[in-house]
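Residue numbers (the working numbering): 335 to 670.
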Amino acid sequence: MFSFGGYDIGIDLGTATVIGYVKGKGIVLREPSVVAVDNNTKDVLAVGQEARRMLGRTPGSIVATRPLKDGVISNYTVTEKMLKSFITKICGKTIFSPRIMICIPSQVTEVEKKAVIDAAGQAGARKVYLIEEPIAAAIGAGIDISKACGNMIVDIGGGTTDVAVISLGGSVVSTSLKVAGDKFDEAIIKYVKRKFNVIIGERTAEDLKINIGCVYPGVQDAEMDIRGRDLSSGLPVTITIHSSEMMEALIEPAMQVVDAVHSVLEKTPPELIADISQKGIYMTGGGCLLNGLDKLLQEKTGINVMIAEDSVSCVALGTGKALDNLDVLDGKKILR
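See below:
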């Protein structure tokens, strides 16, 4: 079936997950940012969930890769093919190219911005707009950012953590650090290797983080059996990991997020600080669901911390909603 209506699509182009929002339909796509490519022919074999299942399990001729790293495009060609596949999945066969708004980390360079615009354009977008992740997250969390009062957003994704103080529709103070979900996974892999002399994969580390991960004492008391490869014997081995060990592994990257929030608060004008201390700090993104992270941030800042409803989808929802209000957003945020 051909569709004759023009699509407006909001895309959260995440390091770990791509979420697509269609105006009038809500969220219609949620897929891992993974592409499987044939090394010999350079053909794309699988995209999204199907490709993720291949991570670490492919023969030499096939590479399952994540084309985005730390919130930015690391492999332009593969990103373009991935976007094309997702846009086709969202739109089906349509005679109109969609308008697309894509979110980007708050501190990306002009070159990185251009790469996103070009990749989306080549993938079939009629017009491409960019919006900063914290602003999209705030809109998606239901915060009215148009008023002259301070709102603080901490958006923890897969590749980046974006911290921003927003007032009158724009970022007053912001920072972006390359410490987020992926770095939490890396910390778990390093810890297991150091303590147990066992190598585990990214997916096992992510399972540990989701099921028993914590960064605050007393919030979680659980254990989980995992399988990995013993470095001394080279053979498969099963070990049991406890929540207390997860806290040991994850506290360092968690404190880097807390330090980033501190540094933004230090640069925030006094009037806006007063607003934030009254209204609290909003956390969004999949990374904010790490057990106890909100309590750790609340303890270290002395400010009430709230996790937004449907925090994983906030950026995509905000990106989509922003399409309805292109004229209201600060012109500097929209690049094309």
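Ideal Cβ positions, reconstructed from N, Cα and C, are used throughout, including at glycine.
Please read all numbers here as calculations on a predicted model, not as lab measurements.
Nearest-angstrom Cα separation, counted from residue j out to residue i
{"i": "I353", "j": "S647", "result": "7 Å"}
{"i": "L511", "j": "A583", "result": "19 Å"}
{"i": "K517", "j": "S419", "result": "27 Å"}
{"i": "I523", "j": "V571", "result": "15 Å"}
{"i": "G504", "j": "V381", "result": "34 Å"}
{"i": "K359", "j": "R528", "result": "47 Å"}
{"i": "T351", "j": "C622", "result": "15 Å"}
{"i": "I547", "j": "Q554", "result": "Note that residue 547 corresponds to Gly in the displayed sequence, not to Ile. Cα-Cα distance, rounded: 8 Å."}
{"i": "K667", "j": "I345", "result": "Reliability of the predicted coordinates at K667 is poor, the pLDDT of 42 falling under 50, and no value is obtained from them."}
{"i": "V378", "j": "G626", "result": "39 Å"}
{"i": "G552", "j": "L569", "result": "35 Å"}
{"i": "S578", "j": "E586", "result": "14 Å"}
{"i": "L464", "j": "S645", "result": "20 Å"}
{"i": "I573", "j": "A556", "result": "14 Å"}
{"i": "I534", "j": "Q383", "result": "21 Å"}
{"i": "I343", "j": "T495", "result": "24 Å"}
{"i": "I361", "j": "S440", "result": "23 Å"}
{"i": "T635", "j": "P468", "result": "19 Å"}
{"i": "E633", "j": "N374", "result": "53 Å"}
{"i": "G562", "j": "K357", "result": "44 Å"}
{"i": "V445", "j": "Q590", "result": "26 Å"}
Residue i classed as buried or exposed, judged by whether at least 16 other C-beta atoms fall within 10 angstroms
{"i": "G390", "result": "exposed"}
{"i": "L651", "result": "buried"}
{"i": "T618", "result": "buried"}
{"i": "N485", "result": "buried"}
{"i": "S480", "result": "exposed"}
{"i": "I544", "result": "exposed"}
{"i": "R400", "result": "buried"}
{"i": "D376", "result": "The sequence shown places Lys at residue 376, rather than the Asp named in the question. K376 should be labelled exposed."}
{"i": "V532", "result": "buried"}
{"i": "S567", "result": "exposed"}
{"i": "S395", "result": "exposed"}
{"i": "P604", "result": "exposed"}
{"i": "E600", "result": "exposed"}
{"i": "E365", "result": "buried"}
{"i": "L624", "result": "buried"}
{"i": "L657", "result": "buried"}
{"i": "L606", "result": "buried"}
{"i": "G339", "result": "Note that G339 scores 43 on pLDDT, short of 50, meaning its location in the model is unreliable and no value can be drawn from it."}
Per DSSP, cross-strand counterpart(s) of residue i
{"i": "K403", "result": "V406"}
{"i": "D346", "result": "I353"}
{"i": "G562", "result": "V571"}
{"i": "S501", "result": "G504"}
{"i": "P366", "result": "T351"}
{"i": "S510", "result": "D496"}
{"i": "R433", "result": "D342, K461"}
{"i": "A398", "result": "A370"}
{"i": "G360", "result": "V356"}
{"i": "Y525", "result": "Paired residue(s): none; Y525 is not in a bridge."}
Neighbourhood of residue i by C-beta, 7 Å cutoff - its chain only, sequence neighbours within 5 removed
{"i": "A398", "result": "V368, A370, A385, M388, L389, T392"}
{"i": "L630", "result": "V549, Y550, A588, V592"}
{"i": "L542", "result": "I522, M558, I560, I575, M580"}
{"i": "A449", "result": "I407, Y410"}
{"i": "K423", "result": "L363"}
{"i": "I637", "result": "I610, S611, G614, I615"}
{"i": "A475", "result": "Y616, T618, A642, C648"}
{"i": "S431", "result": "G458, A459, R460"}
{"i": "D564", "result": "N531, V532, V571"}
{"i": "G455", "result": "V462"}
{"i": "D372", "result": "L379, S395, I396"}
Cβ shell of residue i (< 6 Å), same chain only, five flanking positions each side left out
{"i": "L347", "result": "I436"}
{"i": "T602", "result": "V499, V507"}
{"i": "I421", "result": "A457, G458"}
{"i": "D609", "result": "C483, G484"}
{"i": "L502", "result": "A482"}
{"i": "A539", "result": "D519, I522, I523"}
{"i": "I490", "result": "A514, G619, G621, C622"}
Anticipated Cβ contact below 8 Å, residue i with residue j, distance rounded
{"i": "G493", "j": "K403", "result": "6 Å"}
{"i": "C425", "j": "Y341", "result": "5 Å"}
{"i": "T443", "j": "G405", "result": "Not quite, the Cβ-Cβ distance comes to about 12 Å (not below 8 Å), so this is no contact."}
{"i": "A514", "j": "V649", "result": "With 8 Å as the limit, A514 and V649 do not qualify as a contact, their Cβ atoms being about 12 Å apart."}
{"i": "V595", "j": "V488", "result": "6 Å"}
{"i": "I438", "j": "E466", "result": "6 Å"}
{"i": "K655", "j": "I477", "result": "So it is not a contact: roughly 11 Å between Cβ atoms."}
Same chain, Cβ closer than 8 Å to residue i, five either side skipped, listed in chain order
{"i": "V598", "result": "M486, V497, A498, V499, V507, S508, T509"}
{"i": "D628", "result": "M617, C622, V639, M640, I641"}
{"i": "A453", "result": "I407, Y410, T413, E414, L417"}
{"i": "E536", "result": "L389, G390, D519, I523"}
{"i": "L663", "result": "Residue placement at L663 is poorly supported in this model, since its pLDDT is 47, which falls under 50; the coordinates are not used for a value here."}
Closer than 7 Å: residue i CB and nearest the ligand NAP heavy atom
{"i": "E582", "result": "Of ligands this structure carries none, so the ligand NAP is not represented either."}
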